[in-house]
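For reference, each letter of the sequence shown is one residue, going 52 to 190 in this note's numbering. Using N, Cα and C, we set each Cβ at its ideal position, and we do this for glycine too.
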Amino acid sequence: MIRKYLFLFTVLVAFPSLFFLFVGCRKSIEDRAVEEAALYTKRFCPTPYREDSRMDSVTFDKETHTYTYYYTFRNKLDDKVMLGKNHKGIREALRKNLMNDTGVKIYKDYGFKFRYLARSLRNGDIILDETFTKRQYVI
C-alpha cells in the first residue's frame, strides 16, 4: 500500500516538478522578458483610454535590455508644450510608479532599463520619451 502511494507521489508530484525545474532553467531572463511582453501586449493592448492615455504595446529589446511601454496620448495630454513644461513632475511620477511596480521586480533585479514612449494621436509624433536605468529606479 505504501509503495502504491510512493509511486503516485513520484508520478504526480516529483517528475513534473523536476521537469519544470530543468525546463525553466533553460530559458534566459531575456527570453522570458520577450515572451512576457508579447503576451501582455496580446492579452491587454491596446488598453481603453484612461485620462487621455492608452497603452498600445509592450516590448523587450534583448540587445539593450530595455523594456519599453508604448502609449498614445490624446486631448489634454496630446500637447508637447504642456508635457515640456511639466517634464520634471511627469518624469518623477513615472519613476515612482516604476519603483513601486512589483510586476517587473525580477527585471529590475537584473538591472533592465525601462522606457516610456508616447505618441500623439493627432499626428503620430513622439511627444514623450523617458528611459530609466537601475541607478534611477533603485532606492
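8 Å contact criterion, which residue i and residue j should meet: CB distance rounded
{"i": "Tyr118", "j": "Ala144", "result": "With a Cβ gap of about 18 Å, Tyr118 and Ala144 do not count as contacting."}
{"i": "Asn126", "j": "Asp160", "result": "Rounded, the Cβ-Cβ distance is 37 Å, inconsistent with contact."}
{"i": "Arg146", "j": "Phe95", "result": "The Cβ separation is near 23 Å, so there is no contact."}
Own chain partners of residue i with C-beta closer than 6 Å, once the 5 adjacent residues on each side are dropped
{"i": "Phe163", "result": "His116, Tyr118"}
{"i": "Val85", "result": "Phe111"}
{"i": "Pro97", "result": "Arg105, Asp107"}
{"i": "Val109", "result": "Ala88, Tyr91, Thr92, Tyr120"}
{"i": "Gly175", "result": "none"}
Rounded separation between residue i and residue j - CA only
{"i": "Arg101", "j": "Glu114", "result": "32 Å"}
{"i": "Leu57", "j": "Asp107", "result": "Residue placement at Leu57 is flagged as unreliable, the pLDDT there being 40, under the threshold of 50; the coordinate-derived value follows with that caveat. Looking at the two C-alpha atoms, the distance is approximately 50 Å."}
{"i": "Ala169", "j": "Tyr121", "result": "6 Å"}
{"i": "Ile190", "j": "Asn151", "result": "11 Å"}
{"i": "Lys136", "j": "Ile177", "result": "16 Å"}
{"i": "Tyr188", "j": "His138", "result": "17 Å"}
{"i": "Ile90", "j": "Pro99", "result": "Contrary to the premise, residue 90 reads as Leu rather than Ile in this sequence. Going by the C-alpha atoms only, they are around 17 Å apart."}
{"i": "Lys156", "j": "Val132", "result": "33 Å"}
{"i": "Gly154", "j": "Lys93", "result": "17 Å"}
{"i": "Arg83", "j": "Lys185", "result": "19 Å"}
{"i": "Arg77", "j": "Ser171", "result": "40 Å"}
{"i": "Ser79", "j": "Phe165", "result": "18 Å"}
Beta-carbon spacing of residue i, residue j below 7 Å
{"i": "Arg173", "j": "Asp130", "result": "no"}
{"i": "Leu30", "j": "Leu179", "result": "Missing from the structure shown is residue 30; the chain here goes from 52 to 190 and no further."}
{"i": "Thr123", "j": "Arg142", "result": "no"}
{"i": "Tyr158", "j": "Glu181", "result": "no"}
Per DSSP, the bridge partner or partners of residue i
{"i": "Thr119", "result": "Thr110, Arg166"}
{"i": "Ile177", "result": "Arg170"}
{"i": "Thr182", "result": "Arg166"}
{"i": "Arg105", "result": "Thr123"}
Residue i Cβ short of 6 Å to the ligand PLP heavy atom set
{"i": "Arg77", "result": "Ligands displayed in this structure: none; no statement on the ligand PLP is therefore possible."}
Spatial neighbours of residue i in its chain, beta-carbon cut-off 8 Å, leaving aside the 5 residues before and after
{"i": "Glu81", "result": "Phe111, Lys113, His116"}
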